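Enquirer: In terms of mature numbering (1 follows the signal peptide of the UniProt record, and there is no 0), the sequence shown is residues -27 to -1, 1 to 574.
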Amino acid sequence: MRILGTIFLYAFCLLQFATILVSPITTEQEILLQFKGNISIDPFNSLISWNPENTPCRDYLGVSCNSVGNVEKIVLWNTGLVGVLSSALSGLKSLRIITLFGNRFSGNIPFEYGGIDALWKINLSSNALSGSIPEFLGDLPNIRFLDLSRNEYNGNIPSALFKNCYRTRFISLAHNNLSGPIPVSVGNCSNLEGVDLSFNNLSGVLPLEICSIPKLTYLSVRSNVLSGNIRVSQCRNLDLLDLGSNMFNGPAPFEALGLPNLAYFNISWNGFEGAISEFGTCAESFEVLDVSGNALYGEIPSSINKCSSLKYLDLGFNRFNGSIPVEISDLKNLVVIRLANNSIEGTIPSEFGSIEWLEVLDLHNLELVGQIPNEIAQCQFLLELDVSRNYLEGEIPQNLDNMTHLVILDLHDNKLDGSIPLTIGNLSNMRVLDFSENILSGSIPFTLGNLNNLTQFNLSYNNLIGSVPSFQTIQKFGPSAFSHNPGLCGPPLDNPCLGGGGASTLTSRKPKLSVSAIIAIIAACLIITGVCVITIINAKARRRRRRNRTEEDETMVLESTPFASSTESNVIIGKLVLFSKTLPSKYEDWEAGTKSLLDKE
């Protein structure tokens, strides 16, 4: 009996000792201080108020309490905190909201958080959490909002995550490294309004069960490797559908364009086929239509003007043909028009100039002809104008400087002629200027030196002439930016300029006389003038001699004067020989001795 009592005594003492070692934290303040203890870096001193002397509900930054004084919210976003999540938070039984996005928490969510039944919002996006998505999050009975986006999670999405999600409204696992299929159990989330699984490596098909969710309004699976056909006709309440950058194929789900609440439709960069059918009605909220990068064909329907709220239109990189519907200009709210890389022909509608808020007009690599309409310059807020790789002719409009916000102006690979407008130099925000592969002529305007923000510049393969302006703003792009303009010279080209700055080739400038030749010509003019004056004087003198001397004396004078005259007379007669081929043959001996004086270039 004594032995049995001793055993009970030892057991009791051991139990008391163990209880002391693992005694639970009893106050919420101690729980919060343990959370702070797991923070290794607090760059903005966001937790400086978290100290034992202060009251959590009143003084702790980011902490809110309910009416009975229990912590129900911890909101510390974009504070740059570095550390791991403390399991001690599981002791906050009234905790409803954890919002810690925009920090650098690493590791994973502690398993103990699965016991916080009151939790209805977890936002841990934009951290450095890693590992697998915790399955126990699917056991939280009250969870409404779960955002684990922009972390480093990998592996499959656990099917158990959607086990108990009948109250969940929004789930985002975007921007992680998740792989595998989308679980069909997502259909259990009967009250789900939004799901974002974009920017992962998910594969397989889009589950049909996802469209069985009656309240679903937001569906984004962008940038994965999902494949197969798409049926979204049952997703009747969608306002956003983003299937872009996957491997979907088959008929494009254009039936969604008739949904009454649709605002955003993006099926870009897939393998969808088919033609855009005529628009019956468009939702008043419909603003974004992006079907670029598919195998769509046919003409752009003119009934697109029924989508009067449209702001973003991208039909590029398909097989559309026909002409650009002038009815697009009826969409006065358009900000972006991209029709590039199709088989569209015809002209650029001048009516586009009436789209006041247009910022991007991308019509490159089509089959357009005609001129760039002057009316385009009425789009005062245009940031990008790209009509490269077409068959456009005529001159560059002189009034493009009216688009003072222009950043990109790409006209390369057309048949544009005439000179580069001086007014281009007024576009001080310009970063990309490409006029290459045209037939532009004239000199490079010195006003281009005002374009201080250029990052890309090209005038090659034209017929420009003269010296390249010495401004570093364009010289820094090197010889390739000016090459294949036979009439251009000067740095950075290897073709030096001569004299007035023209190219040194005979094809680009007329030959100029050298300085010595100019001096010789002036001297010759002076000599000829002198000869003429002396000849007149000699003629008058001869007439006087004829009156005063006999005929014999006159003969002596005539025969002796040329031969017996001074050196000056020899020079005079020698010059006459150069300019007269009708002199007697006895004067030809003097020609050899005097010809070298004027034998210049």
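No residue lacks a Cβ here, since even glycine has one placed at the ideal position from N, Cα and C. Please read these numbers as outputs of a predicted model, since none were measured by experiment.
Using a Cβ-Cβ cutoff of less than 6 Å, which residues in the same chain neighbour D303 once the five nearest sequence positions on both sides are dropped?
Expert: The residue you call residue 303 lines up with position 330 of the sequence shown. Within the same chain, D303 has close Cβ partners N278.
Enquirer: Short of 8 Å in beta carbon distance, which residues of its chain neighbour N436, apart from the five on each side in sequence? Order them along the chain.
Expert: Working through the sequence shown from its first residue, we reach residue 436 at position 463. Closer than 8 Å at Cβ, skipping near neighbours: I412, L413, S414, N458, P459 and G460.
Enquirer: Please state whether DSSP places Q371 in a helix, a strand or coil.
Expert: In the sequence shown, counting from the first residue as 1, residue 371 sits at position 398. Looking at Q371 - three-state DSSP - the assignment turns out to be coil, as it is neither helix nor strand.
Enquirer: Could you pull the start and end residues of the alpha helix (DSSP H) that R31 belongs to?
Expert: If you number the sequence shown from 1, residue 31 lands on position 58. That run of the alpha helix (DSSP H) goes P29 to D32.
Enquirer: Going by the DSSP bridge assignment, what does Q429 pair with across the sheet?
Expert: Walking along the sequence shown from the start, residue 429 turns up at place 456. Looking at the DSSP assignment, Q429 forms a beta bridge with V405.
Enquirer: I'd like the span of the alpha helix (DSSP H) that includes F450, first residue to last.
Expert: As a position in the sequence shown, residue 450 is number 477, starting the count at 1. Here F450 belongs to no alpha helix (DSSP H), and DSSP marks it neither H nor E.
Enquirer: Check each candidate in L334, F78 and N51 and name the one with the smallest Cα separation from D383.
Expert: As a position in the sequence shown, residue 383 is number 410, starting the count at 1. The option with the nearest alpha carbon to D383 is L334.
Enquirer: Taking I438 as part of the beta strand (DSSP E), name the residues at either end of that continuous run.
Expert: One-based indexing of the sequence shown puts residue 438 at position 465. N436 to S440 is the span of the beta strand (DSSP E), which, as asked, contains I438.
Enquirer: If you reduce the DSSP assignment to three classes, tell me which class N164 lands in.
Expert: Position 191 of the sequence shown, counting from 1, holds the residue named residue 164. Three-state DSSP puts N164 in coil, outside helix and strand.
Enquirer: Give the single residue among L307, L151 and I349 whose Cα lies nearest to the Cα of I106.
Expert: Locating residue 106 in the sequence shown gives position 133, counting from the first residue. Nearest of L307, L151 and I349 to I106, Cα basis: L151.
Enquirer: Going straight from the alpha carbon of E228 to that of I240, what length do you get?
Expert: One-based indexing of the sequence shown puts residue 228 at position 255. One-based indexing of the sequence shown puts residue 240 at position 267. The alpha-carbon atoms of E228 and I240 are separated by roughly 12 Å.
Enquirer: Check this for me: beta carbons of L62 and I12, under 8 Å apart or not?
Expert: Working through the sequence shown from its first residue, we reach residue 62 at position 89. Working through the sequence shown from its first residue, we reach residue 12 at position 39. No, they are not a contact pair.
Enquirer: Which of the three DSSP states is assigned to E182 in this structure?
Expert: Here residue 182 refers to the residue found at position 209 when the sequence shown is read from its first residue. Note: E182 maps to helix in three-state DSSP.
Enquirer: Which residues in the same chain have their Cβ closer than 6 Å to the Cβ of N219, if we skip the five residues on either side of it in sequence?
Expert: As a working note, residue 219 is residue 246 in the sequence shown. The answer, listed in chain order, is N197, L199 and N243.
Enquirer: Hey, could you find the ends of the beta strand (DSSP E) L262 is sitting in?
Expert: Within the sequence shown, residue 262 is the residue found at index 289, counting from 1. Run containing L262: V261 to D263, per the beta strand (DSSP E) assignment.
Enquirer: To the nearest angstrom, how far is the alpha carbon of P154 from that of V178?
Expert: In the sequence shown, counting from the first residue as 1, residue 154 sits at position 181. In the sequence shown, counting from the first residue as 1, residue 178 sits at position 205. Distance between the alpha carbons of P154 and V178 is about 7 Å.
Enquirer: Which residue from E125, N115, G111 and L92 puts its Cα closest to that of L102?
Expert: Translated into positions along the sequence shown, residue 102 becomes position 129. If we check each option's Cα against that of L102, E125 comes out closest.
Enquirer: Flag V360 as yes if its beta-carbon sits less than 8 Å from any beta-carbon of chain D, otherwise no.
Expert: Among the chains of the structure shown, chain D does not appear; only one protein chain is present.
Enquirer: Taking three-plus beta-carbon pairs below 8 Å as touching, is the stretch 293 to 301 in contact with the stretch 252 to 263?
Expert: Segments in contact, no.
Enquirer: To which residues of the same chain is Q353 closer than 8 Å at the C-beta, ignoring the five residues directly before and after it?
Expert: To locate residue 353, count along the sequence shown from 1; it is residue 380. Counting only Cβ-Cβ distances below 8 Å, and skipping sequence neighbours, we find E329, N375, M376, T377 and H378.
Enquirer: Report back the beta-carbon spacing between V157 and E182 to the nearest angstrom; my notes put them in contact at under 8 Å.
Expert: Counted from its first residue, the sequence shown places residue 157 at position 184. Counted from its first residue, the sequence shown places residue 182 at position 209. Their Cβ separation, rounded to whole angstroms, is 5 Å, which keeps V157 and E182 in contact under 8 Å.
Enquirer: Would DSSP call N294 helix, strand or coil?
Expert: Your numbering for residue 294 matches position 321 in the sequence shown. Here N294 sits in strand by DSSP.
Enquirer: How is the beta strand (DSSP E) around I4 delimited, first residue to last?
Expert: Numbered from its first residue, the sequence shown carries residue 4 at position 31. Run containing I4: none in the beta strand (DSSP E); it sits in the alpha helix (DSSP H), E1 to G10.
Enquirer: Could you check where the beta strand (DSSP E) with I47 kicks off and where it finishes?
Expert: Counted from its first residue, the sequence shown places residue 47 at position 74. V44 to V48 is the span of the beta strand (DSSP E), which, as asked, contains I47.
Enquirer: Could you give the distance in angstroms between the alpha-carbon of E318 and the alpha-carbon of F245?
Expert: As a position in the sequence shown, residue 318 is number 345, starting the count at 1. As a position in the sequence shown, residue 245 is number 272, starting the count at 1. Their Cα atoms are separated by approximately 23 Å.
Enquirer: Please look up how many angstroms separate the CB atoms of T52 and F78, rounded, as I've assumed it's under 8 Å.
Expert: In the sequence shown, residue 52 corresponds to position 79, counting from 1. In the sequence shown, residue 78 corresponds to position 105, counting from 1. Not a contact, Cβ separation roughly 11 Å.
Enquirer: Starting from the N-terminal side, write out each stretch of the beta strand (DSSP E) that is 3 residues or longer and does not extend beyond the stretch 316 to 367.
Expert: Runs of the beta strand (DSSP E) inside the stretch 316 to 367: 333 to 335 and 357 to 359.
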